[in-house]
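S.K.: There's a structure below that I have some questions on.
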Amino acid sequence: MPERGSGTDDDRKTVVGLLADPGLPTKVAEGLVRELPDRLSQRVGGRVSWEVRVVSEALALDEHDSIPFLEIARERRPREGWDLMVCMTDLPRRVGTLPVLADLSRVHRAALVSLPAVGWVRLRSRAGETIVHLIAEMTDAAGRRPRSMWRRPSELVSPVRSFSSGEDCVDAYLALSGVRGRVRLLFGMVRDNRPWRLVLNLNSAIATAAGTGAFGVFYSTIWSMAGALSPLRLALISLISVGVMSAWIILHNGLWEHPTGPGARHRAVLYNAATLITIVLGVACMYVVLYGVLLTLALVVIAATILESVLGHPVGPLDYAVLAWLASSLGTVAGALGSGLEDEETVREATFSRRERERRAKKREKEEKNEAADRPPDSTGTQRGP
1 MPERGSGTDD
11 DRKTVVGLLA
21 DPGLPTKVAE
31 GLVRELPDRL
41 SQRVGGRVSW
51 EVRVVSEALA
61 LDEHDSIPFL
71 EIARERRPRE
81 GWDLMVCMTD
91 LPRRVGTLPV
101 LADLSRVHRA
111 ALVSLPAVGW
121 VRLRSRAGET
131 IVHLIAEMTD
141 AAGRRPRSMW
151 RRPSELVSPV
161 RSFSSGEDCV
171 DAYLALSGVR
181 GRVRLLFGMV
191 RDNRPWRLVL
201 NLNSAIATAA
211 GTGAFGVFYS
221 TIWSMAGALS
231 PLRLALISLI
241 SVGVMSAWII
251 LHNGLWEHPT
261 GPGARHRAVL
271 YNAATLITIV
281 LGVACMYVVL
291 YGVLLTLALV
301 VIAATILESV
311 LGHPVGPLDY
321 AVLAWLASSL
331 GTVAGALGSG
341 LEDEETVREA
351 TFSRRERERR
361 AKKREKEEKN
371 EAADRPPDST
381 GTQRGP
């Protein structure tokens, strides 16, 4: 009896299993279930009936903080009845300084896709293109399909390059080359962190910012200051307030990563850049929400005649907008102090993806073990406690 997916009849079926990390990878995988069969029929094999199944499960890390997808494939692919398997993770991966998009094993008919390397924009579409390419390679359809001597413009400008792998049973990997590739990985990591979650999770900071901003709305001296400041100076105050709150959140909660060991500097720069952009975008989102709330409050509470008596000229919507602008900046600076009331774990959960929190927790654990090992023993021959 021939193996399913190995015949040539029109009614044969090939089952593709997508084993995805919980969270964003699962969401992307579930979004691809309906569209992948048609795309596979068009680009890989039209005489095959394609079926795509999704399983959401946390992919375990090995002692090197990597995902052993070949071991996972040996166990799960026969058990689930899959002909091909693609693991999807939100763990950023690198070979040297090159960001890795995917690994491929034809022997095990399995692949591993790292979503951060897919980038920020068109995430589902790009992930689907990557999976289709990997399946074509695993089924040798890429070798049978005639290639045009002219490459598409999108292929010419794409930073994705294919490299042969030196690992056992791993045939090749897709990596991102050049500055564009590194920027794509960086913003993919930021996308995975979901900066807008800061607005929903930093309750103390938002309450402090809103309270201080509301005080500014009701305080007539702030009205006069807002009317006297130029738009350029107001914009500068906004940038300073966002910068102050971002710096406070990062430094107060120990989010800045320091390289520990050879070759760790490039990795630390990447993770710190992702952290900085995530926090700044999250604070900017909070600023916009706060501005909308304070502008509504000013329009509802402050009568135009009262505002005119303080400013000394007829007022319009622009005066209310400027008042809310300055009050939002003051509230954001106060929100930095309010964020200090949140515990570090809450801030980390609001800032980082599950994989990034797991990576940082393992890193802290290793550092604590190294410190304990380096700690000199006391007079009894035992190591001193912390």
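Using our numbering, read the sequence shown as starting at 1 and increasing by one per residue. Virtual Cβ for every residue (Gly too), placed ideally from N, Cα, C. Note that the coordinates shown come from a computational prediction; the quantities given were computed from them, not determined experimentally.
From what residue to what residue does the alpha helix (DSSP H) around Ala-350 run?
M.R.: Note, Ala-350: alpha helix (DSSP H), 344 to 351.
S.K.: Using the three-state DSSP reduction, which class does Val-44 fall into: helix, strand or coil?
M.R.: Here Val-44 sits in coil by DSSP.
S.K.: List the residues that DSSP assigns as beta-bridge partners of Cys-87.
M.R.: Answer is Leu-19, Leu-112, bridged to Cys-87.
S.K.: Look up Pro-99 in the DSSP assignment and say whether it is helix, strand or coil.
M.R.: The answer is strand: DSSP assigns Pro-99 an E or B state.
S.K.: If you draw a straight line from the alpha carbon of Pro-78 to that of Arg-109, how long is it in whole angstroms?
M.R.: Distance between the alpha carbons of Pro-78 and Arg-109 is about 11 Å.
S.K.: What's the gap between the Cα of Pro-231 and the Cα of Trp-325?
M.R.: Rounded to the nearest angstrom, the two C-alpha atoms are 10 Å apart.
S.K.: Following the continuous alpha helix (DSSP H) through Tyr-173, name the residue where it begins and the one where it ends.
M.R.: Careful: Tyr-173 lies outside any alpha helix (DSSP H), inside the beta strand (DSSP E) at 172 to 176.
S.K.: Please confirm if the segment 17 to 24 is in contact with the segment 85 to 93, defined as three or more CB-CB distances below 8 Å between the two stretches.
M.R.: Touching, yes, given that three or more Cβ pairs across the two stretches are closer than 8 Å.
S.K.: Between the Cα of Ser-177 and those of Glu-167, Val-160, Val-190, spot the shortest distance and give me the residue it belongs to.
M.R.: The option with the nearest alpha carbon to Ser-177 is Val-160.
S.K.: Based on Cα-Cα distance, which residue from Gly-292, Leu-299, Ser-246 lies nearest to Val-347?
M.R.: Nearest C-alpha to Val-347: Ser-246.
S.K.: Checking 8 Å against the spacing of the C-beta atoms, do Val-52 and Val-107 come in under that value?
M.R.: Against a cut-off of 8 Å, the Cβ pair of Val-107 and Val-52 comes out as no contact.
S.K.: For Tyr-396, which of Ser-238, Ser-224, Asp-171 has the nearest alpha-carbon?
M.R.: The structure shown does not extend to residue 396, since the chain is modelled only from 1 through 386, so no value can be given for it.
S.K.: Could you tell me the alpha carbon to alpha carbon distance between Asp-171 and Ser-105, rounded to whole angstroms?
M.R.: Approximately 5 Å, taken between the alpha carbons.
S.K.: Measure the alpha-carbon distance for Arg-197 versus Ala-73 and round it to whole angstroms.
M.R.: Arg-197 and Ala-73: Cα-Cα distance of roughly 34 Å.
S.K.: Start and end of the beta strand (DSSP E) containing Trp-120?
M.R.: Careful: Trp-120 lies outside any beta strand (DSSP E) and carries neither H nor E.
S.K.: How far does the beta strand (DSSP E) with Trp-50 in it reach, from first residue to last?
M.R.: Start and end: 49 to 56.
S.K.: Which stretch, first to last residue, makes up the alpha helix (DSSP H) that contains Ser-204?
M.R.: Segment 203 to 218, the alpha helix (DSSP H) holding Ser-204.
S.K.: Which same chain residues end up closer than 7 Å to Ala-350 when comparing Cβ atoms and leaving out the 5 residues on each side of it in sequence?
M.R.: So the list reads Arg-197, Leu-198, Asn-201, Leu-202, once near-sequence residues are dropped.
S.K.: How about Val-183 and Thr-278: are their beta carbons less than 8 Å apart?
M.R.: No.
S.K.: Among Val-289, Val-283, Leu-251, whose alpha-carbon lies nearest the alpha-carbon of Asn-272?
M.R.: That would be Leu-251, whose Cα lies nearest to the Cα of Asn-272.
S.K.: Which residues share a DSSP beta bridge with Leu-104?
M.R.: For Leu-104, which the question treats as bridged, DSSP gives the partners Ala-111, Ala-172.
S.K.: On the CB-based measure, 16 or more other CB atoms within 10 Å of its CB, does Ile-67 come out buried or exposed?
M.R.: Looking at its Cβ environment, which holds 16 or more other Cβ atoms inside 10 Å, Ile-67 is buried.
S.K.: As a quick exercise: from Leu-61, Gly-128, Phe-187, Arg-122, pick the residue whose alpha carbon is nearest that of Pro-99.
M.R.: If we check each option's Cα against that of Pro-99, Phe-187 comes out closest.
S.K.: Could you check if Leu-236 is buried or exposed, using at least 16 other CB atoms within 10 Å of its CB as the buried criterion?
M.R.: With fewer than 16 Cβ atoms within 10 Å of its Cβ, Leu-236 is classed as exposed.
S.K.: Look at the alpha carbon of Leu-281 and the alpha carbon of Leu-123, and state the distance between them as a whole number of angstroms.
M.R.: Whole-angstrom Cα-Cα distance: 19 Å.
S.K.: Just how far apart, CA to CA, sit Glu-80 and His-133?
M.R.: Rounded to whole angstroms, Glu-80 to His-133 spans 22 Å at the Cα level.
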